[in-house]
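Below is one structure, written out as structure tokens; the observations come after it.
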Amino acid sequence: MSSRRKYLNYTTPWGVDLARVAQSGWTPFLIHESGYQPALENWNHTGVDSPFWRFYYNSKPGCHLMFEGSKIPLGPKCAVLIPADTVFDCCGPVKASHFWLHFTTARPGVSMPARPMVIAVDDMLRAMLGHLIETHREAAGELRDHRLHHLSAALLHTVFAALETEAPPVMPERLVEVLALIARAPHWKLTNPFLAERAGMSVERFIRAFREHTGQTPAVHVLRTRVRLAGEALALTDKTIDQIAVEFGFPNRHYFSRMFARQVGCGPGEFRARQRVRKDG
560 MSSRRKYLNY TTPWGVDLAR VAQSGWTPFL IHESGYQPAL ENWNHTGVDS
610 PFWRFYYNSK PGCHLMFEGS KIPLGPKCAV LIPADTVFDC CGPVKASHFW
660 LHFTTARPGV SMPARPMVIA VDDMLRAMLG HLIETHREAA GELRDHRLHH
710 LSAALLHTVF AALETEAPPV MPERLVEVLA LIARAPHWKL TNPFLAERAG
760 MSVERFIRAF REHTGQTPAV HVLRTRVRLA GEALALTDKT IDQIAVEFGF
810 PNRHYFSRMF ARQVGCGPGE FRARQRVRKD G
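For the working numbering, count along the sequence shown from 1 and bump the result up by 559.
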């Protein structure tokens, strides 16, 4: 009787070891929404300023974005990738045949431009977008939604793989764990001594290593993470502002509102109202 051989090696001499890429700072795409409408009557929105990323594609020409006075056309030959907290206008002089993704991702240590990025739609992307649009036309159901999730993630991976950005430095595993902790437990007391202890470093060495690999101090990263997560909660949940302040590590609503306005440009109440107006409209 033959016995099955167990292959315990994670890597071989013939493949590419990608474990180091997993340490480079990308978080998985958290896709909040995938949408498609073949003929939106009114696609005119000013001052769009969401805390999440967006991907836009229109299969028919005629609509465009405005960003800092520049017109960015949308049509079958180009899509647009928009980082979080980028303020722009949607302009729909004609009915918009519009596909969109709202998602969250982060890449510490690499500077991404705070502006819409035009993505050329080649044959591969066009086929992927066509598959997604056809899936949206299927009857609603759990299986359809699972397909939309996987197809949307594949599309985003394809788009991000084509971006010509610098490769981030490989991040030490101890720092990766600290970043995961900050995102997982923003309500904790995330002081430099506490985080340094979790990383197994002195405070001075931890701050220096953190800045080297993320481009910011631990305190700045903690604040920005808390504000980003709070912004998502404001946009996507019905929790009160007081609840959100406590949940994401702010001592009270007043301090939360002040820090949120400093980072985002408006208070949490106004931010939520803007999101609701656009969503309901």
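Note that beta-carbon positions come from the ideal geometry of N, C-alpha and C, so glycine has one too.
Please read these numbers as outputs of a predicted model, since none were measured by experiment.
Residues near N601 in its chain [Cβ-Cβ closer than 7 Å; skip 5 each side]: Result list for N601: G651, in chain order.
Residue environment, G623, which counts as buried when at least 16 other CB atoms sit within 10 Å: In the sequence on display, residue 623 carries His and not Gly. Around the beta carbon of H623, 16 or more other beta carbons lie within 10 angstroms, which makes this residue buried.
Residue(s) in a DSSP beta bridge with D648: D648 pairs with M625.
Contacting residues, own chain, Cβ-Cβ under 7 Å from G621 (five flanking each side not counted): Once the five neighbours on either side are set aside, the close Cβ partners of G621 are P652 and V653.
Length of the line joining the Cα atoms of R696 and L707: If you draw a straight line from the Cα of R696 to the Cα of L707, it comes to about 11 Å.
Closest Cα partner of V677 within the set P777, F815, S629 and L782: For V677, the nearest C-alpha among the options comes from S629.
P752 burial status per 10 Å Cβ neighbour count (16 or more: buried): Exposed, because fewer than 16 other Cβ atoms sit within 10 Å of the Cβ of P752.
8 Å CB neighbourhood of H690 in its chain, flanking five on each side removed: Within the same chain, H690 has close Cβ partners L710.
K798 versus G700: straight-line alpha-carbon distance, rounded: Cα to Cα, the separation comes out at about 27 Å.
Rounded Cβ spacing between V781 and L749 (contact assumed at less than 8 Å): Contact between V781 and L749 holds: CB atoms are separated by about 5 Å, below the 8 Å threshold.
Nearest-angstrom beta carbon gap, P731 and G808 [assumed within contact, 8 Å]: Taking the Cβ atoms as the reference, G808 lies roughly 24 Å from P731, outside the contact range of under 8 Å.
Residues of its chain near D682, where Cβ-Cβ distance is below 8 Å and the 5 sequence neighbours each way are ignored: Cβ neighbours of D682 beyond the five flanking positions: none.
CA nearest to the CA of S593, picked from R821, H657, I800 and E829: Minimum Cα distance to S593 is reached at H657.
Inter-residue Cα distance where the pair is G840 and L633: Because G840 sits at a pLDDT of 41, beneath the cut-off of 50, its placement in the model cannot be relied upon, and the point is left open.
For G826 and H813, the rounded distance between their alpha carbons: Looking at the two C-alpha atoms, the distance is approximately 10 Å.
A673 beta carbon less than 9 Å from that of T694: For T694 and A673, no; Cβs fall outside 9 Å.
Where E723 falls: helix, strand or coil (DSSP): Three-state result, E723: coil.
Environment of L640 [buried if 16+ CB atoms lie within 10 Å]: By the neighbour-count definition (other C-beta atoms within 10 Å, threshold 16), L640 is a buried residue.
Straight-line Cα distance separating M760 from I590: For I590 and M760, the distance between alpha carbons rounds to 34 Å.
Own chain, CB closer than 6 Å to K619, minus 5 neighbours either side, in chain order: Correct list, in chain order: S656.
Alpha-carbon spacing of A559 relative to V737, whole angstroms: What the structure shows of the chain is the stretch from 560 to 840, and residue 559 is not part of that stretch, so it cannot be assessed.
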